[in-house]
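One structure is given below, encoded as C-alpha cells.
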Amino acid sequence: MSKILRKILSIIPIAIVSLSTNYSVAKSQIVPDQTLGMESSQINSVDELRNHIEGGVIRGNNLFHSFQEFNVEQGTSVNFSNPENIVNIFSRVTGKDISDISGTLGVDGAANLFFINPNGIIFGENASVDINGSFLATTAESIEFNNGESFSAITPEQPSISINFPVGLNISTNSSRITIRGNGHSLFLADTSDLASAVTSPIIGSQQNLGGITGSGRTLAFISSGINLTGATISNFSGKIELGSIKLGEIKINLSSDRIDFDYLQALDFENIVLNERSLIDVSGDPAGIINVIGKDIILSENSLVFSSNSGQEPAGNINISASRDLLLNGITKSDSFLNFSIIKPGVISQSLSSGKGSDININARNLSLKNFGLISSSNYGSASGGNINISVEDSLTVIGIPVINTNAFAISSISSVTLSSGFGGDISIRGGNFSLEDGGLLISQSLSFGSGGNININFDNVEIVGSFPLAASIETYLKSTIATTTIFSKGGEININSSTLNLKDGGRISSTTSGIGEAGNTLINVNESIEIKGIAIGSLQKNERNVSQIVASSEITDPSLIELFGLPPIPEGRSGNLSIYAKNIFLSDGGKISVENQGIGDAGNLEINIDSLFLDRGGKISASTISGEGGNININAEDIQLLNESEITSSADGDGDGGNITINSDVILGVKNSDITANAVDGRGGNINVDTIYLLGLQERSQPTPFNDITASSQFGITGNIEIRSPENLTEEVAFNRPLDFNNQQNLIEQICAGRKGKFGKITNVGSSANQISPDDFFDSPATTNENESLPNSAPAIPVKLEDDGFQDFITPDNQILEANVLKVNPNNTISLLSEPRLSSPVSCPTAKF
14 MSKILRKILS IIPIAIVSLS TNYSVAKSQI VPDQTLGMES SQINSVDELR
64 NHIEGGVIRG NNLFHSFQEF NVEQGTSVNF SNPENIVNIF SRVTGKDISD
114 ISGTLGVDGA ANLFFINPNG IIFGENASVD INGSFLATTA ESIEFNNGES
164 FSAITPEQPS ISINFPVGLN ISTNSSRITI RGNGHSLFLA DTSDLASAVT
214 SPIIGSQQNL GGITGSGRTL AFISSGINLT GATISNFSGK IELGSIKLGE
264 IKINLSSDRI DFDYLQALDF ENIVLNERSL IDVSGDPAGI INVIGKDIIL
314 SENSLVFSSN SGQEPAGNIN ISASRDLLLN GITKSDSFLN FSIIKPGVIS
364 QSLSSGKGSD ININARNLSL KNFGLISSSN YGSASGGNIN ISVEDSLTVI
414 GIPVINTNAF AISSISSVTL SSGFGGDISI RGGNFSLEDG GLLISQSLSF
464 GSGGNININF DNVEIVGSFP LAASIETYLK STIATTTIFS KGGEININSS
514 TLNLKDGGRI SSTTSGIGEA GNTLINVNES IEIKGIAIGS LQKNERNVSQ
564 IVASSEITDP SLIELFGLPP IPEGRSGNLS IYAKNIFLSD GGKISVENQG
614 IGDAGNLEIN IDSLFLDRGG KISASTISGE GGNININAED IQLLNESEIT
664 SSADGDGDGG NITINSDVIL GVKNSDITAN AVDGRGGNIN VDTIYLLGLQ
714 ERSQPTPFND ITASSQFGIT GNIEIRSPEN LTEEVAFNRP LDFNNQQNLI
764 EQICAGRKGK FGKITNVGSS ANQISPDDFF DSPATTNENE SLPNSAPAIP
814 VKLEDDGFQD FITPDNQILE ANVLKVNPNN TISLLSEPRL SSPVSCPTAK
864 F
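Sequential numbering from 14 applies to the sequence shown in the working numbering.
What follows is the structure, encoded as C-alpha cells:
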C-alpha cells in the first residue's frame with residue numbers, strides 16, 4: 014500500500030470522529046462568541062439529541078452567556094447548567110441571525126433564564142421550555158442593570174464585577190419580532206350534547222402539559238418589536254404570561270422571588286401583536302394567574318383565546334390588555350365554524366369553577382371592535398363572584414353581530430357576564446367616546462341560577478344600538494342589538510347609562526328582564542342631550558312589539574324554543590324592575606317604545622321620566638303594563654309634551670291587577686291624530702291620571718277610548734280610575750315648543766301647522782281647569798278644504814302676526830316669505846295665535862291640512 018493511501022486511511026477515523034462530534038453540536042447550531050474572554054460559554058454534547066451549556070461569567074448570583082448563533086433543532090434539547098447560588102442566567106446572541114427554537118430549551122435548576130437576540134426569535138411548532146424559574150425571551154438590544162451597566166447584544170462587553178440585578182430592557186429600531194408557531198389549542202366545552210348544554214358549560218381541557226410553551230408557575234414573558242402567534246399555545250399554570258410589543262423605548266423590570274414585573278411608562282412607541290389559528294394564552298390553575306398583553310394593534314382571530322379558569326379557593330389574577338391603537342377580536346373566519354356550537358368561540362374569557370373569584374378583565378385601547386363571534390366573557394360556575402369586565406376606549410367600542418340564519422348559530426359577538434351558580438356575576442363597566450351595538454351585537458349580564466347578576470355601567474359620549482337579525486329564516490323572533498340584564502331565579506343586575514346622546518333604531522333594545530321567579534334589575538339612564546328611539550326591526554313581517562326599538566324593564570314570556578332549550582318556566586313570576594330616565598329631549602317614533610311591563614303574575618315596575626321635551630310620533634309609546642299583577646306607575650316631568658299620529662302614554666292591567674297611575678307635570682301637552690293618555694284595567698281598578706299643566710291642547714277626558722285624542726281611566730269589569738287635570742284659566746302667554754311639531758318629518762309638520770282654509774276664521778280654544786277639552790275635529794270651526802300648496806322657503810327674520818279673518822295664519826318676513834309656526838300664543842279672549850321664531854328650515858310643501 015502506498016504511503017499516500019496509508020496516510021489517507023489513517024486520517025479517516027479521526028475525520029469520522031470529528032464529523033460525528035461536529036454533527037451532534039451542529040444539530041442545535043449553538044456557537045459561542047469570544048466576548049467573554051477566557052470565561053466563554055461551553056457546549057457539551059450529552060448525546061446526539063441533548064446538549065449542555067456550561068461555563069460563562071459568574072457575577073454574584075448572576076451567570077452570563079454569549080453566543081454568535083443560538084438555535085435548537087426539532088427533537089433536540091439544550092439545557093443551561095445551573096451552578097449553586099445562581100438565581101439568574103443571562104444569554105445573548107451577538108451575531109446577525111435569528112434564533113430558531115424548535116426543540117426544548119431548559120435550565121437544570123431553578124434559575125430564571127433571560128434570552129436576548131435583537132435579530133428575532135422563532136419558536137417552532139414543537140418548541141417547548143423546561144424551566145423551573147421565570148423565562149424571558151426578548152429582542153431587546155440590551156438588559157440594563159442597577160449600576161448603570163448594560164449586558165448588550167449590539168455592543169457586547171464582558172460584565173463588570175459590580176453588576177448586580179436587572180432593572181430594564183432597551184428596545185430600539187434594530188429590535189426585531191418574536192414569532193411563535195404551533196398546532197392550535199385543544200380546549201373544549203364540558204358538554205356539547207345540545208345547544209343548551211354548550212351555552213351553559215365551562216371550558217375544560219386546559220392546555221397544561223398538552224404541548225406548546227408551558228411555564229412552571231412563575232413568569233413566561235415575550236417582549237419584542239412585534240409578536241406573531243400562529244397556532245401557538247402559551248400556558249402557565251397559576252403563573253404569569255407577559256406579551257409586550259415595543260417599537261422603541263425602555264421597559265422597567267422588577268424582579269422578585271417568584272415572578273418578573275414590567276413597567277412600560279418609558280416606552281415611546283409600540284408594535285403589533287397578532288394571535289390567529291387557534292392560538293392560546295392560558296393561565297388557568299389553582300388559583301389562576303396573570304395575563305398582560307401590551308401592544309399597538311392587537312388582533313385575535315380564528316378562534317384564538319386569552320383564557321383564565323380559576324379552579325382554586327383564592328382569587329384569580331387579572332387579564333390586562335392594553336392597545337395603544339386598536340384591539341380587534343375578529344372571532345371565526347371560516348364559514349363552517351359558524352354553525353358548530355361545540356367550537357369554543359374566540360376572544361377574552363374568564364371563568365371561575367370553585368370558591369375563588371374569577372379573573373377581572375381590564376382592557377384599554379383607542380378603538381375596540383368585536384365581530385364574527387368575538388367575545389369578551391366572564392362566567393361563574395362556583396360560589397365566588399365572577400370576574401369584572403372593565404373596558405376603557407379613547408374613541409370607539411363597536412360590537413357587531415352576524416347575519417347567520419341558522420338555529421345552530423346561537424352565539425354572536427358579545428360582551429357578557431354570566432353566573433350559573435350561587436356566586437355573583439361580575440360587573441361590566443365600559444367608558445369612552447362612541448359605543449355602538451350593531452346587527453345583533455350584545456352587551457349582557459345574565460343570572461341563570463341563584464347568584465345575583467352583575468351590573469352594567471356605561472359612560473360614553475354617544476351610545477347607538479341599531480339592527481337585528483332573525484334567529485331563523487321562518488320565524489318572527491329577531492336577535493336584536495341589545496344592552497341587557499336578565500335573570501331567572503335571583504336578582505338581576507342593574508343598568509346604568511351616562512351619555513350625551515342615546516340612539517336606538519331598527520330593533521335596538523335596552524332591557525332589564527326576568528324570565529322566572531327572580532326580580533329584574535333597575536335601569537337608570539342619564540343623557541345630557543337627546544334620546545331617540547326609532548323604528549321597527551328591519552325585515553319584520555309585521556309590527557311585533559318584541560321587535561321594535563325600545564327601552565324596557567320587564568318580566569317576559571320567552572320564545573317557546575328558548576323555554577324548551579333552557580328549561581324556563583312558561584309563565585314568569587318575578588317583578589319587573591324600575592326604569593328611570595333623565596334627559597334633555599326624548600323622541601319616540603315609528604313604534605319606538607319606553608316601557609315597564611310584566612307578562613307573568615308579578616307586578617310591573619315604575620317608570621319615571623324627567624326631561625325638557627318629550628316627542629312621540631307615528632305610534633311612539635310610553636307604557637306600564639301587566640298581565641295579572643299590579644300595573645306600574647308612570648311619572649313624567651317635562652316642559653312640553655307632544656303626542657302625534659296614534660302615539661300614547663298608557664298604563665294597563667289585563668287581569669285582576671289594578672292599572673298603574675299616570676302622573677304628568679308639563680307646561681304644554683299637545684295631542685293630535687288619535688293620540689291618547691290612558692290608564693285602563695280589565696277586572697281590577699283603572700289607574701288614576703293626574704295632569705298638571707298650563708296648556709292642554711287637543712286631548713279630552715273621556716269614559717272610553719275613541720278614534721280621537723283621549724284621556725281615559727277605565728276598567729272593563731272593575732272600578733274606573735279618577736282623572737284630575739289642573740290647568741289655570743285666562744292665560745295670556747306664549748308657548749314655545751323646544752322642537753317643531755315633527756322634527757323627523759317636515760311633511761307631517763306642515764300638515765299639522767298649516768291646516769285651515771283661506772276665507773274662513775279659525776280658532777283654537779284655551780281650556781281651563783274645567784277640562785272641557787276640544788277634539789281634533791274642533792281645531793277649526795269650518796271644514797278644511799284648502800286646495801293650494803304653499804312652499805316654505807329657507808327662513809328669514811320673521812314678524813309674527815295674529816290670526817286673520819281668512820283663518821290661515823301667515824308668518825310674513827320682510828321679503829314676503831311664509832314660515833312655519835313653532836310658538837303658540839294664548840290671547841286674552843282664550844284664542845290661540847300660531848307664531849314663528851326665526852330658525853333654519855328646508856323648503857317644504859304645505860298640502861291639504863289634516864289632523
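Think of the CB as a built atom: it goes at the ideal place given N, C-alpha and C, for glycine as much as any other residue. As the structure is a prediction and not an experimental result, all values here were calculated from the model.
Beta carbon of residue 568 nearer than 8 Å to that of residue 589: yes
The segment 153-160 contacting the segment 133-142, beta-carbon criterion three pairs below 8 Å: no
DSSP state of residue 718 mapped onto helix, strand, coil: coil
Whole-Å CB distance - residue 294 paired with residue 319, under 8 Å assumed: 5 Å
Span of the beta strand (DSSP E), counted from its first residue to its last, around residue 328: Careful: residue 328 lies outside any beta strand (DSSP E) and carries neither H nor E.
Selected residue, minimal CA-CA separation from residue 698, among 644, 656, 657 and 662: 644
Nearest neighbour of residue 461, chosen from 431, 469 and 475 [CA to CA]: 431
Residue 174, buried or exposed, once every other Cβ within 10 Å from all chains shown has been counted against 16: exposed
Neighbourhood of residue 710 by C-beta distance below 6 Å, restricted to the same chain and skipping five residues each side: 683
C-beta contact flag for residue 261 and residue 185 at 8 Å: yes
Rounded Cβ spacing between residue 360 and residue 387 (contact assumed at less than 8 Å): 5 Å
CB contact flag (residue 75, residue 98, <8 Å): no
Local Cβ density within 10 Å of residue 109, reported as buried at 16 or more and exposed below that: exposed
Local Cβ density within 10 Å of residue 55, reported as buried at 16 or more and exposed below that: exposed
Other residues of its chain near residue 478: CB distance less than 6 Å, five sequence neighbours each side excluded: 450, 494, 517 and 521
Rounded straight-line distance, which links the Cα of residue 371 to that of residue 454: 24 Å
Neighbourhood of residue 148 by C-beta distance below 6 Å, restricted to the same chain and skipping five residues each side: 126, 142 and 233
Of the residues 140, 107 and 111, the one placed nearest residue 119, counting alpha carbons only: 140
C-beta atoms of residue 652 and residue 688 nearer than 8 Å: no
Cut-off 6 Å between Cβ atoms - residues of its own chain near residue 675, not counting five sequence neighbours on either side: 647, 664, 692 and 702
Collapsed DSSP secondary structure at residue 560 in the structure displayed: helix
Cβ-based neighbour list, residue 279, same chain, cut-off 6 Å, excluding 5 preceding and 5 following: 262 and 263
Boundaries of the beta strand (DSSP E) in which residue 78 is found, first to last residue: 75-83
Sequence-distant residues of the same chain with beta carbon closer than 8 Å to residue 46, five excluded per side: 53, 79, 80, 81, 107, 108 and 169
Exposure of residue 573, with buried meaning 16 or more beta-carbon neighbours within 10 Å: exposed
Terminal residues of the beta strand (DSSP E) in which residue 653 lies: 647-656
Reduced DSSP secondary structure (H/G/I, E/B, other) of residue 879: The chain is shown from 14 up to 864; residue 879 falls before or after that span and cannot be answered.
Through-space distance from residue 177 to residue 111, alpha-carbon basis: 28 Å
Own chain partners of residue 593 with C-beta closer than 6 Å, once the 5 adjacent residues on each side are dropped: 537 and 621
Residue 608 beta carbon less than 8 Å from that of residue 641: no
Euclidean distance between Cα positions of residue 784 and residue 725: At residue 784, the pLDDT of 34 sits below 50, so the modelled position is not reliable; the number obtained from the coordinates is stated separately. If you take the alpha carbons of residue 784 and residue 725, they lie about 13 Å apart.
Straight-line gap, residue 198 to residue 292 (C-alpha atoms, nearest Å): 6 Å
Beta carbon of residue 548 nearer than 8 Å to that of residue 505: no
Contained alpha helix (DSSP H) runs [length at least 4] in the segment 333-419, N- to C-terminal order: 348-351
Same chain, Cβ closer than 6 Å to residue 63, neighbours up to 5 away in sequence not counted: 90
Three or more C-beta pairs below 8 Å linking the segment 598-605 and the segment 624-635: yes
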